[in-house]
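Here the structure is laid out as structure tokens; the discussion comes afterwards.
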Ligand SMILES: C/C(NCc1cnc(C)nc1N)=C(/S)[C@H](O)COP(=O)(O)OP(=O)(O)O
Ligand SMILES: [Mg+2]
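Numbering (the working numbering), first residue to last: 27 to 590.
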């Protein structure tokens, strides 16, 4: 049988380590789906819609490093653009692949289904160019190898999504077999001279400083090439305090003696903000300062920073390009001087452990009790997904035991992300115990993907916090729009079982009912268990209220008058 464009794409996806590809079929991509399915290394995973498909691929990329989402033209791709935007904001190489019209249609000025009803079909590629690091459209079969390799290589190097468009009549067209995969995957290493110069500059930046602190951001993990391990080596070579941004929770071990908490301005944990503000030198590693991570710009560090990024390092007065994060941190660990003054100070000021009250079984369920019971669940095999909402704050406060992992989507912040993302992640990590903390409003956005968890028998535990609406928005700025129609969430999940599923839908209104539900969830090894936890609609974290106040203030800044 002939070797085709679809076979080429399938082989490249398999060669870069993809084992599952997420799809929604449509007549523009059916032949392509056949070719992908024919590759023995790829397992096709169908999703209920393209938003969820792209978010499942986003979650898979968190576990696997890279992922693929395959949709049909226009009606499919435009929904998948949302998960692609998340991959862009969260620095994940998601490969978005879309079928497209037959190559003969444009020149015949044909009006086509699924399109805007004009004869210009280029809008999708143009849109994709804005939300990916490389967008290509294969117009003739012989171009496919060059364009597919280019798009995939760009995504892997930039840790950003890419876009590949393949006309419906080209997926089955003859194509040459791929050349060595190293041409696509070979990493760009640091320029040795720049690496040395950056390390020397770091020594200068640190010399004379009395109180250095390391601040870890979410791009540390995304940088790959051993950056997380290298950071631990650097931290131990310095002996200094290590604070972690909320979106980077879990990227530095929380049981490490130099971990000083989550730095999130006034809503920091463990007084991390005190030691960050005490520092006279801040080593920012993969940090991202947004309005949300700086609490409405109230927590922007105000001393000259050194910032080590995925592929460059900056100092006050200096910039070094082509310095890979992992290599830079490893190198710096061998040259940096020991200075543990901030750990000594932190051990003087760190808050004593708080007393966590255990509710009695008949107590009405509260947010605090939910957190206490989830805390008890966390172990070395757990991955905790926290959804946009008060779950961010409740999740960030939890202590991660050694080996526990944490996933959050704080840059894009698409409510509903956690359900498909946890599903995608679980396919790649069936060995891990996955727990999702998700609010009622978020759950309503992407609930369908629980049915895929049923289909793949994934024992994911979904802790749904039902506070009757969009509480984050209530705290930022309330209005009628923050009310939602309440569902019977437990019953809905049972409906997803159809005739053969193993999902469990449980409700908990008291501490004891939650305890029992969690036990049932742990025993349900053949499917997802959703536990609907009902709490008072104003039972939210104090951090959310404080954070919401400052974010609302930032949103409300008056327009700058010209010339002011
Ligand atoms: C509506 C919105 N954000 C705006 C928004 C709207 N649309 C999308 C896709 N993403 C968004 N973040 C948010 S955070 C809701 O409070 C989430 O409600 P819920 O899931 O119920 O969580 P909390 O009750 O803890 O807030
Ligand atoms: Mg809610």
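Beta carbons: idealized from backbone N, C-alpha and C, even for Gly.
Secondary structure at residue 418: helix, using DSSP grouped into helix, strand and coil. DSSP places residue 27 in the coil class of the three-state scheme, outside both helix and strand.
Between ligand 1 and the CB of residue 498, the shortest heavy atom gap is smaller than 7 Å.
Under the DSSP assignment, residue 497 falls in the alpha helix (DSSP H) whose first and last residues are 497-502. For residue 460, the enclosing beta strand (DSSP E) begins and ends at 459-465. For residue 519, no beta strand (DSSP E) encloses it; the enclosing alpha helix (DSSP H) starts and ends at 515-521.
Closest in alpha carbon position to residue 123, among 344, 103, 311, 269, is 103. With contacts defined as CB atoms closer than 8 Å, residue 336 and residue 185 qualify as a contacting pair. When distances are taken from the beta-carbon of residue 276 to the heavy atoms of ligand 2, even the shortest one reaches 7 Å or more. About 17 Å separates the beta carbon of residue 324 from that of residue 422, a gap too long to meet the 8 Å contact definition. DSSP lists no beta-bridge partner residue for residue 445. Per DSSP, residue 206 is not a residue of any beta strand (DSSP E), being assigned neither H nor E. With a cutoff of 7 Å, residue 84 does not count as near ligand 1, since its C-beta is closer than that to no heavy atom of the ligand.
In the structure shown, residue 260 falls within a helical segment according to DSSP collapsed to helix, strand and coil. Rounded to the nearest whole angstrom, the CA to CA distance from residue 37 to residue 451 is 22 Å. Of the heavy atoms belonging to ligand 1, at least one sits nearer than 7 Å to the Cβ of residue 415. In the displayed model, residue 567 falls within coil according to three-state DSSP, outside both helix and strand. The beta carbons of residue 196 and residue 416 sit no closer together than 8 Å. The C-beta of residue 350 has 16 or more other C-beta atoms within 10 Å across all chains shown, which makes the residue buried. Cβ-Cβ separation between residue 437 and residue 115: approximately 4 Å, consistent with a contact (criterion under 8 Å). Annotated three-state conformation of residue 452 is helix, per DSSP.
Boundaries of the beta strand (DSSP E) around residue 192: 188-193.
In this structure, 501 is the residue among 199, 314, 501, 405 with its C-alpha nearest to the C-alpha of residue 563. Classified as exposed, residue 226 has fewer than 16 neighbouring CB atoms from the shown chains inside 10 Å of its CB.
The Cβ atoms of residue 194 and residue 127 lie closer than 8 Å to each other.
The secondary-structure analysis by DSSP pairs residue 270 across a beta bridge with 242, 288. Just so you know, the alpha carbons of residue 144 and residue 96 end up roughly 24 Å apart.
The three-state reading of DSSP puts residue 335 in coil, since its state is none of H, G, I, E or B. For the stretch 81-105, the continuous beta strand (DSSP E) assignments of 3+ residues that do not extend past its boundaries occur at 93-97, in sequence order.
Residue pairing from DSSP places residue 432 in a beta bridge opposite 410. The stretch 451-462 and the stretch 507-519 do not touch, with fewer than three beta-carbon pairs separated by less than 8 Å. In this structure, the C-beta of residue 67 stays at least 7 Å away from each heavy atom of ligand 2. Apart from the 5 residues on each side of it in sequence, residue 224 sits with its Cβ closer than 7 Å to the Cβ of 339, 346, 349, 354 in its chain, given in chain order. Residue range 476-481 is occupied by the alpha helix (DSSP H) that includes residue 476. In the displayed model, residue 109 falls within a helix according to three-state DSSP. Burial state of residue 270 is buried, judged by a 10 Å Cβ sphere holding 16 or more other Cβ atoms.
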